[in-house]
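In the working numbering, the protein residues as written are 10 to 511.
These notes are about the structure you will find just below.
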Amino acid sequence: MSEVEKKRSSDGEGIEVDHVKHATAAPADPWVAQFNSRDEEWRKTTTKKLVRKIDTRLLPFLIVMYLLNFLDRANLAQARQGDLEKDLGMTGTDFNLATSIFFVGYLLMQLPSNMLITRVRPSLYLTTAMMLWGGVSACNAATHKFTELVVVRFFLGFVEAPFFPGAVFLMSSWYSRAELTRRMSYFYSGNALANMFGGIIGASVLDNMDMAQGIAGWRWLFILEGVITIGVAFVGIVVLPDYPGTTKWLTEEERAFAQWRLKRDINEDDEAKATSVWGGAKLALLDYRLYLFVLLQHLSLLSQTFQYFFPSIVGTLGYGKIETLWLTVPVWFGTFLVSVGVTFSSSKTKDRSLHIFFMMLVAAIGNAIATGATNTGARFFAMFLMPMGAVSSYQIILSWIANSFPRPMVKRSAALAIANMIGNTASIYGSYMYPSSTAPQYVPGGSTNAVICLLVGLLALFLRFLHIRENKKLEQAERDRAAGNVEEDGADRRADGFRYVY
10 MSEVEKKRSS DGEGIEVDHV KHATAAPADP WVAQFNSRDE EWRKTTTKKL VRKIDTRLLP
70 FLIVMYLLNF LDRANLAQAR QGDLEKDLGM TGTDFNLATS IFFVGYLLMQ LPSNMLITRV
130 RPSLYLTTAM MLWGGVSACN AATHKFTELV VVRFFLGFVE APFFPGAVFL MSSWYSRAEL
190 TRRMSYFYSG NALANMFGGI IGASVLDNMD MAQGIAGWRW LFILEGVITI GVAFVGIVVL
250 PDYPGTTKWL TEEERAFAQW RLKRDINEDD EAKATSVWGG AKLALLDYRL YLFVLLQHLS
310 LLSQTFQYFF PSIVGTLGYG KIETLWLTVP VWFGTFLVSV GVTFSSSKTK DRSLHIFFMM
370 LVAAIGNAIA TGATNTGARF FAMFLMPMGA VSSYQIILSW IANSFPRPMV KRSAALAIAN
430 MIGNTASIYG SYMYPSSTAP QYVPGGSTNA VICLLVGLLA LFLRFLHIRE NKKLEQAERD
490 RAAGNVEEDG ADRRADGFRY VY
């Protein structure tokens, strides 16, 4: 094992960075010198080969994991189309409470879990969380009272919390900033796919398995999806990689090149600036941009709370419960296609803010039509626009946050966790935006969501101009340092050549 690999391996296994950060750079110099001396054509060819291998080994399994993560979270909406509420004696806003309590548990575990992932093997950490949430999700089937359902939903949020920010963090440790945007699109497409398959599975199970073996269809729904999740988690222990420097399916040269190209992308090492978990958290909290991105993610997630009630919203078109679930399928399949296309465009044009603005405008129009129109065709069309705009924008927002807090590793991890933690508080109160008493138009929720979508778009434009200003400051600081006019200005100073994306 090379010294480059040993150093990265130590970090990946959870050893404090202080133990390795002062190691000399000499052992890595042969690789660095070799890669620096190569021409651009060799680098492009090698990068393409490496990224293709990463895409094949890392990305597909993370997408499957996220699909099941969201499916086990959102299947309550499909179960509602069965006899869930009747069997558990649910009335009024009970369903809204059962939806929102999930996010209380989710938020309590969010930050601690993502701080730990920098000290534990991601493959083991994420798959263990997956086994736990699969088991807890299956426990929904054993509930017989509303209070029991609330307890299960709370613990489901608690054990699901490590996955999403952990997966985003893991991808940002493999892909460059330009590559991450498109991969985030593919990853978050698991959201749309989960809703699509949720409709297919829900309709099939509720229609064909209701009272099979004396068990209600909605209970079978939780059992089947929970068991599938646990089975996939066992496969993940073997399939899911950790960090580039500890991955056995890469050659020694590929491991060194994978680390070199990420350093070259942002001109900083993962371990260069922070010596502890709390040191990284402090760096994140002292960066004023974090609070703006937290607000952006919070509002974006608030604009998507309709998806936890989407079958009920589509049900206001007047079709039966099974037909309603089938009608959700083309909406989410269309959302999947649009979101991938939009984020592909964002990656190619290296734009974030303008794509977010225009897609949130689409979502705002969808909410307005669904709320104000009475024609069935117009409302169904609007129900396509709502997720197409909101979900597509959120995919870009996620990668934008990861890109904007690139290094050190623990700062990036803390920033992602804080943004995801506070962002998801939106779902706690957002779950009450669509009470059944406001059906079929859901005027309060739809009107509010239309305004929120516009606010997200405007905030993205504000961050665009803010990053343009910050880049000018970086350029001026580089000129000053080159002229010898300033000294080193702190542990979190960006390296020469770094620029924020917008």
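Every residue gets a Cβ at the ideal spot worked out from N, C-alpha and C, and that includes glycine.
Keep in mind the model is a prediction, meaning the values are calculated, not measured.
C-beta neighbour in chain C for residue i, strict 7 Å
i, result
"Val510", "Of the protein chains in the structure, only one exists, and it is not chain C."
Cα-Cα separation, residue i to residue j
i, j, result
"Leu310", "Pro253", "31 Å"
"Leu355", "Tyr509", "Note on identity: in this sequence residue 355 is Ser, with Leu being the wrong assignment. Between Ser355 and Tyr509, the C-alpha separation is close to 15 Å."
"Asn200", "Ser46", "43 Å"
"Pro417", "Phe163", "33 Å"
"Thr127", "Met369", "34 Å"
"Phe44", "Glu50", "12 Å"
"Trp229", "Phe206", "15 Å"
"Val248", "Asp489", "48 Å"
"Gln87", "Gly329", "13 Å"
"Tyr511", "Ser185", "15 Å"
"Glu157", "Arg192", "38 Å"
"Pro131", "Gly175", "8 Å"
"Phe302", "Gly223", "49 Å"
"Ile110", "Pro39", "54 Å"
"Ala42", "Arg52", "13 Å"
"Ser255", "Val244", "Rather than Ser, the amino acid found at residue 255 in this sequence is Thr. Roughly 19 Å separates the two Cα atoms."
"Thr383", "Lys62", "50 Å"
"Ile431", "Tyr115", "11 Å"
"Arg298", "Thr100", "43 Å"
"Tyr403", "Val338", "20 Å"
Own chain residues within Cβ distance below 6 Å of residue i, not counting five before or after
i, result
"Met10", "A caution first: Met10 carries a pLDDT of 42, below 50, which makes its placement in the model too unreliable to give a value."
"Gly493", "none"
"Gly235", "Gly143, Ser146 and Ala147"
"Trp341", "Ala201, Asn204 and Met205"
"Asn105", "Ser440 and Tyr441"
"Gly226", "Gly91, Val214, Leu215, Met218 and Asp219"
"Ala428", "Phe302, Val303, Gln306 and Ile410"
"Asn458", "Ser312 and Asn376"
Same chain, Cβ closer than 7 Å to residue i, five either side skipped, listed in chain order
i, result
"Ala267", "Leu59, Pro253 and Leu259"
"Leu189", "Met180, Ser181, Ser408, Ala411 and Asn412"
"Ala212", "Ile331, Leu334 and Trp335"
"Gly343", "Phe393 and Met397"
"Ala221", "Trp229"
"Ser456", "Thr380"
"Leu425", "Asn123, Pro174, Val177, Phe178, Ile410 and Ala411"
"Phe70", "Gly245, Val248 and Leu249"
"Phe366", "Gly466, Ala469 and Leu470"
"Phe318", "Ala86 and Tyr443"
"Asp274", "Ser185 and Arg186"
Rounded distance between the beta-carbons of residue j and residue i, thought under 8 Å
i, j, result
"Ile237", "Leu76", "That belief does not hold up - the Cβ atoms of Ile237 and Leu76 are roughly 10 Å apart, past 8 Å."
"Arg397", "Val347", "Here residue 397 is Met; the residue named in the question, Arg, does not match the sequence. Their Cβ separation, rounded to whole angstroms, is 5 Å, which keeps Met397 and Val347 in contact under 8 Å."
"Met442", "Pro453", "7 Å"
"Ile405", "Arg473", "Between Arg473 and Ile405 the Cβ distance is about 12 Å, and since that is not below 8 Å, they are no contact."
"Pro444", "Thr102", "6 Å"
"Ile72", "Ser198", "7 Å"
"Trp183", "Leu67", "6 Å"
Status (buried if at least 16 other CB within 10 Å, exposed otherwise) for residue i
i, result
"His153", "exposed"
"Lys420", "buried"
"Ala491", "exposed"
"Gly98", "exposed"
"Asp48", "exposed"
"Pro271", "The residue asked about is misnamed: residue 271 is Leu in this sequence, not Pro. With 16 or more Cβ atoms within 10 Å of its Cβ, Leu271 is classed as buried."
"Gly327", "exposed"
"Asn149", "buried"
"Gly208", "buried"
"Ile477", "exposed"
"Glu261", "exposed"
"Gln485", "exposed"
"Pro171", "buried"
"Ser401", "buried"
"Trp287", "exposed"
"Ser422", "buried"
"Ala373", "buried"
"Pro320", "buried"
"Leu292", "buried"
"Asn80", "A small correction: the amino acid at residue 80 is Leu; Asn does not occupy that position in the sequence shown. Its Cβ being crowded by 16 or more others within 10 Å, Leu80 is buried."
"Thr54", "exposed"
"Thr108", "buried"
"Ala265", "buried"
Proximal residues to residue i (C-beta, below 8 Å), its chain only, five neighbours per side dropped
i, result
"Leu308", "Ala435, Ile461, Leu464, Val465 and Leu468"
"Val520", "Outside the displayed span of the chain (10 to 511) sits residue 520, for which this structure offers no information."
Residue i: CB within 6 Å of a non-hydrogen atom of the ligand FAD
i, result
"Phe318", "With respect to the ligand FAD, the structure shown offers nothing to examine, as it has no ligands at all."
Run through the segment 299 to 384 for me and flag every whole alpha helix (DSSP H) of 4 or more residues, listed as ranges in chain order. 319 to 324, 330 to 358 and 362 to 381
Fully enclosed by the segment 167 to 236, which alpha helix (DSSP H) runs are 4 residues long or longer? 172 to 181 and 186 to 217
Every unbroken alpha helix (DSSP H) within the segment 75 to 125, with a cutoff of 4 residues, ordered by chain: 93 to 97 and 103 to 125
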